[in-house]
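Below is one structure; the comments refer to it alone.
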Amino acid sequence: MPLHDDDLARNARALDFHWRVSDDLVAAAGLPKFSRSKINRAMASILAALALASDSDRPYVSYSRSRDFYAAQGRYEGTDYSYASVLQSVDELARLGLIEEIRSKPGAHLTHGMQSRVRASDRLVEILAEQPVEYLGSRCPLVLKDEDGTRIDYEDTPETRRLTREIGGLNRFLNSFSIDVSASASPDDWQRTTHHVRARKVKDGVETWVCARLTPQIDLYRVFSRGGFRQGGRIYGGFWEGLPKARRLELLINGEVCIEQDYASLHPRLLYGLRGERMPAEFDCYALPYYERWVGKLALNIALNAATLNAAAGALMEKGRQKKADGSPVWPYGWAETRRIIDQVIDHNPTIAGYIGSDAGVSLMAIDARMALDVLKACEKARLPALPVHDSFLAPEGRKDELKSIMSDVLEGTLDRISSFPTKGSRRDSMGETIQMIRYRETAPAEPVVTPAAVPVVTSPSEVVGVSPAVVETVLPEARVAFRPVVRPLPPRMAALPPVVAAPLPVAVEVSLPAPVTPPCPVAAPAGPVPSAPRVGLPAFLAALLPVVAPEAPPEPAVSHGPSLRFFPALGGLRVSVPPAEVDPEDVPPPVRPPAPPVVAAPPPEPILVSLAPASGMLPAALPRPPEPRTKEERIQLFGDIIAQSRAKRSLVELGHADARMAELRAMAKKERRVR
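Just so it is clear: in the sequence shown, position 79 is 79 by full-length UniProt numbering, and no numbers are missing.
In structure tokens:
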């Protein structure tokens with residue numbers, strides 16, 4: 001295998017302070033003795049880590065070259081590991097050619113998660129071969145990590161001291177019985193090296209070996225995440241945890257062959273409990289149509305630990321970059337099919353669909369970690385030796401039924417506690433406020449607040465579904481901070497407002513008057529011109545848009561044989577009744593009446609423009625038409641003026657006019673650009 005193989009380098013073991021070589025071995029390696037004993041002890045522990053790594057299937061040891069990394073190492077690894085002592089020791093080993101180093105660039109651990117790595121050279125492997133190393137034990141049984149997975153320091157409180165005592169009592173219980181490998185186990189399945197036990201694993205016809213480091217005593221520890229002791233908290237540190245399941249069944253506990261009992265579909269069962277329900281015994285939450293069961297199991301478990309559905313799909317796609325032992329990808333599906341699989345998982349589990357893609361996994365780990373401690377405490381009380389493997393337990397085969405009974409009691413008790421919060425879809429906290437629990441893709445029915453008829457109805461918002469800190473508080477005694485939902489008061493009620501009706505644009509409607517009816521006998525035409533129909537005044541800018549119609553010529557006057565007395569009716573009557581003077585009455589001819597003028601039809605009435613806009617007094621003054629802009633700056637200024645005036649008037653008519661004018665200006669600008 002190449003010296004700097006990527007897989008070996010990425011699978012490096014973290015540098016720890018649990019082991020140390022003797023001073024004679026340090027001298028045999030040709031290393032000088034430093035003036036500071038702290039650096040000498042750090043050098044001895046680094047050599048022990050290199051010796052253990054060279055004896056395993058993971059020869060690389062990772063370490064940090066950042067000062068910030070060592071800020072919290074005093075709690076976990078002791079004060080001997082510091083930025084100065086570690087880097088000085090590594091540089092001295094590199095100078096003497098005792099190590100081979102892959103140094104990462106500053107900040108590389110943030111981009112690809114890899115620190116600098118070192119491995120023992122062939123010369124150092126020969127020096128350290130079959131040399132004993134001293135076990136120093138675990139310094140801190142509580143490990144706290146931040147969001148990035150980096151160990152951080154914390155203050156000692158009564159709560160952390162209680163957790164330390166709890167895990168210490170568990171370690172004393174596990175160290176009270178013996179663990180060995182059955183004599184009936186095949187030698188082909190087990191190998192023993194200087195510092196490790198190697199177990200054979202066969203999956204899909206491919207053989208691999210798993211390396212487990214043995215320690216003189218059992219030192220389990222708990223790992224909490226997200227910077228607090230309410231998330232995570234699972235138990236780690238047992239050498240049996242990394243063994244294949246078939247090899248674990250070949251272990252002996254107090255000389256008796258053991259069995260392994262686990263919780264089936266534990267996290268989905270807990271989510272059903274959070275909903276106030278029980279998952280049916282015959283229901284398989286991982287079974288999807290047209291897919292193997294492992295596909296649904298992997299998709300659901302990853303989606304429960306993802307913050308969003310897209311993040312879940314991305315995590316599954318990342319699995320596609322990983323290879324199985326036979327070289328095939330762990331996840332063989334593309335993005336589109338991965339999203340369809342997640343949708344099928346959601347549709348197959350409607351009761352817990354709201355928790356899928358909600359980052360519920362870290363809180364579920366806190367619950368199952370609490371359950372594991374409760375099971376081990378009950379086993380200790382019953383004097384039943386048991387080894388934890390997260391959500392499963394190893395125990396002597398003869399006491400299998402007793403272990404199953406204890407595990408069942410712990411599960412039912414946990415479900416009862418967490419079910420007291422969300423019952424049938426909702427929860428009422430100590431403040432008396434009801435918080436809705438809704439499913440994925442479903443809107444929670446919100447009850448309207450009773451208000452007067454004139455006030456708009458206001459509904460209360462629904463809550464986003466997730467694992468509430470109050471649930472973890474119930475399961476974990478150490479979570480002492482009570483959960484308080486954020487209660488937002490309803491907005492103040494506003495007085496009823498009259499309905500606002502937008503005035504429509506004025507529309508010119510042509511109303512035709514009925515045609516005049518011709519009388520049965522001729523009648524004189526009415527005196528004077530026919531008055532035109534009244535018109536409703538329009539704004540100037542709308543009147544300018546109307547088509548210009550040429551005025552009609554006045555009708556020809558009627559033909560008369562005498563002077564027209566049309567406008568002097570009194571004198572006309574006098575002329576008819578009084579004959580001229582000095583004229584013999586007998587010579588006076590009879591009065592000649594002018595013939596009746598022909599009946600002239602009145603000209604058709606002009607159309608009446610009826611405006612549907614408010615009365616003329618309610619219309620705002622028309623916007624003045626600005627001069628045509630000549631430059632780009634003038635056009636921009638005109639744009640601003642039109643917008644300001646139209647906004648100030650707040651009239652739909654003027655807004656429409658402003659829009660038309662602005663369209664005109666845009667067309668002019670476009671035309672100018674084309675010319676250029």
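All residues carry an ideal CB built from backbone N, CA and C; glycine is no exception.
Short Cβ contact (8 Å threshold) for residue i with residue j
{"i": "residue 345", "j": "residue 303", "result": "yes"}
{"i": "residue 115", "j": "residue 104", "result": "yes"}
{"i": "residue 37", "j": "residue 19", "result": "no"}
{"i": "residue 51", "j": "residue 90", "result": "no"}
{"i": "residue 123", "j": "residue 97", "result": "yes"}
{"i": "residue 76", "j": "residue 140", "result": "yes"}
{"i": "residue 118", "j": "residue 61", "result": "yes"}
{"i": "residue 93", "j": "residue 99", "result": "yes"}
{"i": "residue 260", "j": "residue 274", "result": "no"}
{"i": "residue 34", "j": "residue 80", "result": "no"}
Distance between beta carbons of residue j and residue i, contact taken as under 8 Å
{"i": "residue 352", "j": "residue 299", "result": "14 Å between Cβ atoms; not a contact."}
{"i": "residue 326", "j": "residue 202", "result": "About 11 Å; that fails the 8 Å criterion."}
{"i": "residue 144", "j": "residue 135", "result": "With a Cβ gap of about 24 Å, residue 144 and residue 135 do not count as contacting."}
{"i": "residue 362", "j": "residue 410", "result": "Not quite, the Cβ-Cβ distance comes to about 21 Å (not below 8 Å), so this is no contact."}
{"i": "residue 732", "j": "residue 219", "result": "Here the chain covers residues 1 to 676 and nothing more, so residue 732 does not appear."}
{"i": "residue 29", "j": "residue 47", "result": "7 Å"}
{"i": "residue 699", "j": "residue 133", "result": "In the structure as shown, the chain starts at 1 and stops at 676, and residue 699 therefore has no counterpart that could be examined."}
{"i": "residue 142", "j": "residue 157", "result": "No, residue 142 and residue 157 are not in contact; Cβ-Cβ is about 11 Å, not under 8 Å."}
{"i": "residue 359", "j": "residue 306", "result": "7 Å"}
{"i": "residue 324", "j": "residue 180", "result": "With a Cβ gap of about 32 Å, residue 324 and residue 180 do not count as contacting."}
{"i": "residue 335", "j": "residue 319", "result": "The Cβ separation is near 13 Å, so there is no contact."}
{"i": "residue 642", "j": "residue 661", "result": "6 Å"}
{"i": "residue 270", "j": "residue 364", "result": "6 Å"}
{"i": "residue 120", "j": "residue 85", "result": "Contact flag wrong, Cβ pair sits at about 19 Å."}
{"i": "residue 268", "j": "residue 349", "result": "7 Å"}
Candidates the options: closest to residue i by CA position
{"i": "residue 167", "options": "223, 329, 151, 204", "result": "223"}
{"i": "residue 189", "options": "209, 320, 370", "result": "209"}
{"i": "residue 278", "options": "199, 26, 57, 417", "result": "417"}
{"i": "residue 634", "options": "658, 663, 669", "result": "669"}
{"i": "residue 173", "options": "386, 391, 404", "result": "386"}
{"i": "residue 182", "options": "334, 368, 258", "result": "258"}
{"i": "residue 290", "options": "246, 337, 305, 263", "result": "337"}
{"i": "residue 232", "options": "367, 32, 391", "result": "367"}
{"i": "residue 244", "options": "61, 212, 297, 280", "result": "212"}
{"i": "residue 148", "options": "69, 184, 24, 671", "result": "69"}
{"i": "residue 379", "options": "396, 389, 397, 406", "result": "406"}
{"i": "residue 369", "options": "384, 391, 383, 65", "result": "391"}
{"i": "residue 408", "options": "339, 225, 91, 266", "result": "266"}
{"i": "residue 354", "options": "308, 191, 401, 163", "result": "308"}
{"i": "residue 276", "options": "415, 237, 640", "result": "415"}
{"i": "residue 296", "options": "260, 329, 340", "result": "340"}
{"i": "residue 150", "options": "26, 81, 227, 191", "result": "227"}
{"i": "residue 185", "options": "85, 11, 631, 246", "result": "246"}
{"i": "residue 11", "options": "401, 322, 403, 373", "result": "322"}
{"i": "residue 393", "options": "349, 373, 198", "result": "373"}
{"i": "residue 333", "options": "316, 241, 419", "result": "316"}
{"i": "residue 381", "options": "673, 389, 402", "result": "402"}
{"i": "residue 347", "options": "285, 248, 377", "result": "285"}
{"i": "residue 282", "options": "397, 264, 200, 294", "result": "264"}
{"i": "residue 214", "options": "200, 165, 237, 230", "result": "237"}
{"i": "residue 389", "options": "198, 329, 234", "result": "234"}
{"i": "residue 152", "options": "71, 240, 200, 49", "result": "71"}
Sheet register partners of residue i (DSSP bridge)
{"i": "residue 19", "result": "135"}
{"i": "residue 191", "result": "198"}
{"i": "residue 210", "result": "199"}
{"i": "residue 251", "result": "181"}
{"i": "residue 393", "result": "261, 388"}
{"i": "residue 356", "result": "Partner(s): none; residue 356 has no beta bridge."}
{"i": "residue 332", "result": "DSSP, once it has assigned bridges, lists no residue as partnering residue 332."}
{"i": "residue 323", "result": "329"}
{"i": "residue 100", "result": "119"}
{"i": "residue 223", "result": "143, 234"}
Distance cut-off 7 Å: residue i Cβ against heavy atoms of the ligand ATP
{"i": "residue 15", "result": "Ligands in the displayed structure: none, and consequently the ligand ATP is not present."}
The stretch 55 to 65 contacting the stretch 245 to 259, beta-carbon criterion three pairs below 8 Å: no
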